[in-house]
């Protein structure tokens, strides 16, 4: 049983809090801007967990498959829907799909928990079509959120963050299958600074002016199949 199996039933609780709702909204907007999902496209959600982004893509009109290694997380994901969205237990480093299967491969806060993130990105790149997008959301290594999660992982061996690895942009480039097409940063509000969502959004937008990695808690990197290799 994985740590994620043990946390599956309570995994979505954070997103139901004001802070969690804000974090989810910031991340989803950034991922949406980078993924540019279009109705009629095919997509794979890698490390889909309880299916939050899988169902989001489905509601946008995409044909999407959710993939995760934790069967308990997948059970929670399946309960949220009516059976029309397929979920599959699989290792993201060995995907059971032929090459050129999807228009979009999405992974949000997934590679932090994968033993071989380079292999996972190589597989994501393999299964997207020529010109397809591989879009990955990372908990930014240099930001306050990674600091908090690292501390939690060190202090609690049952935390899903125990043993998690966080990435800087340079490290994301190193594990990527080709030269990234674009990167965006966000979540400049630290957990300690949050008071309410309206104030947090105001602070977030003021700090986003520089659009760099310093202080960002989250980053999204997009690779496109057919781009020159690293």
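Residue numbers (my numbering): 9 to 238. Just so you know, even glycine gets a beta-carbon here, dropped at the ideal spot from N, CA and C. Model, not experiment: these values are computed from the prediction.
message: If distances are taken between C-alpha atoms only, which option among 180, 198, 35, 57 comes closest to residue 84?
response: 57
message: Does residue 93 pass the burial test, meaning 16 or more other C-beta atoms within 10 Å, or should it be called exposed?
response: buried
Cβ-based burial, residue 203 [other Cβ within 10 Å; buried from 16]: exposed
message: Within a Cβ cutoff of 7 Å, which residues of the same chain sit near residue 99, ignoring the five residues on either side of it in sequence?
response: 77
message: What would DSSP say about residue 121, mapped onto helix, strand or coil?
response: helix
Residue environment, residue 67, which counts as buried when at least 16 other CB atoms sit within 10 Å: exposed
Separation of residue 135 from residue 51, as counted between CA atoms: Their Cα atoms are separated by approximately 10 Å.
- prompt: Among the residues of its own chain, which have a CB less than 6 Å from the CB of residue 211, if the five just before and after it don't count?
  reply: 197
query: Helix, strand or coil: how does DSSP classify residue 28 here?
result: helix
Residue 221 beta carbon less than 8 Å from that of residue 193: yes
- prompt: By Cβ distance below 6 Å, which residues in the same chain neighbour residue 115 in space, the five residues on each side in sequence not counted?
  reply: Excluding positions up to five away in sequence, the list reads 54, 55, 144.
query: With 16 as the cutoff for other CB atoms within 10 Å, does residue 227 come out buried or exposed?
result: buried
query: I think residue 43 touches residue 112, with their Cβ atoms under 8 Å apart; what is that distance to the nearest whole Å?
result: 6 Å
query: Which runs of the beta strand (DSSP E), 3 residues or longer, sit entirely within the segment 13-81?
result: Runs found: 50-54, 71-76.
query: Excluding the five sequence neighbours on either side, which residues of its own chain have a C-beta within less than 6 Å of the C-beta of residue 9, listed in chain order?
result: Here the model assigns residue 9 a pLDDT of 46, short of 50, so the residue's position is not dependable, and the following value carries that caveat. Correct list: empty, nothing qualifies.
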